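Student:
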Amino acid sequence: ILTTGTYLRARIIIGDVTYNSGPNGLAAANELSQSLIDLGISLRRFKTGTPARINKRSVDFSKMIEQPGDEKIVPFSFISGDISRDQVSCWLTYTSEETHKIIQENISRSPMYNGLIEGVGPRYCPSIEDKVMRFPDRERHQLFIEPEGEDTQEMYIGGMSSSLPEDVQLQMLRTVPGLENVEIMRTA
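The sequence shown begins at 254 in the numbering used here and counts up by one.
(1) Between which two residues does the beta strand (DSSP E) harbouring isoleucine 318 extend?
(2) Could you tell me the boundaries of the alpha helix (DSSP H) in which methionine 413 lies?
(3) For the segment 312–384, which segments carrying the beta strand (DSSP E) assignment without a break, of at least 3 residues, lie completely within its bounds, in sequence order?
(4) Would you grab the beta carbon distance between proline 430 and lysine 316 for me? Rounded to a whole angstrom, and I think it's under 8 Å.
(5) Near asparagine 283, what residues of its chain come up, given a Cβ to Cβ distance below 7 Å and the 5 sequence neighbours on each side ignored?
(6) Looking at isoleucine 398 and threonine 352, is the spacing between their C-beta atoms short of 9 Å?
(7) What are the start and end residues of the beta strand (DSSP E) that includes valine 270?
(8) The alpha helix (DSSP H) spanning asparagine 283 covers which residue range?
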């Protein structure tokens, strides 16, 4: 049994920039991929996406709605006892009409729309480009600003995965309430 995740023939695509890599700069499993192909096993490509990671110090949380953690932590396992630890809040904000305008004006630069990425992303978590293009009647889409951990300044933007170029990502992020001065730590 091989559990390869997203590493077989893995490619990173950011706008018109493409290179072989796994997530977070880890190596793609290209040799394993080729070995499987040589054995007659066909590989399929699935599209996954991720949002940019932003610097917590550049976020204005006063323009967002706090989403506190659970007061009582309920573990997944019945074997685990009570868990008592401080919770870290997430924050709710929304895209704006200006965000949508920037995406629409740059949709030809999106690899999902210009043919560079073949395939369709998952229905349950569409990219921000898909949300804006498929639901043009929506004035805004919710975004959750989530800490990547307790010991990092990186924040994850739930609901805003993208394959747009870095310059467009920064431009659209800065139209979101609370992110007007945002700094990107890692592009989507």
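We treat Cβ as the ideally placed atom computed from N, Cα and C, and that holds for glycine. Note that the coordinates shown come from a computational prediction; the quantities given were computed from them, not determined experimentally.
Tutor: Answer, in terms of the structure:
(1) Its beta strand (DSSP E) spans residues 318–320.
(2) For methionine 413, there is no enclosing alpha helix (DSSP H), as DSSP gives it neither H nor E.
(3) Within the segment 312–384, complete beta strand (DSSP E) segments of at least 3 residues are found at 318–320 and 343–347, given in chain order.
(4) Between proline 430 and lysine 316 a beta carbon distance of about 4 Å is seen, short of the 8 Å cut, so the two are scored as contacting.
(5) If the five residues before and after asparagine 283 are omitted, its C-beta is found closer than 7 Å to the C-beta atoms of Arg262 and Asn273, all from its own chain and listed in chain order.
(6) At the C-beta level, threonine 352 and isoleucine 398 stay beyond 9 Å of one another.
(7) Counting along the chain, the beta strand (DSSP E) containing valine 270 begins and ends at 270–273.
(8) Element bounds for asparagine 283: 283–291.
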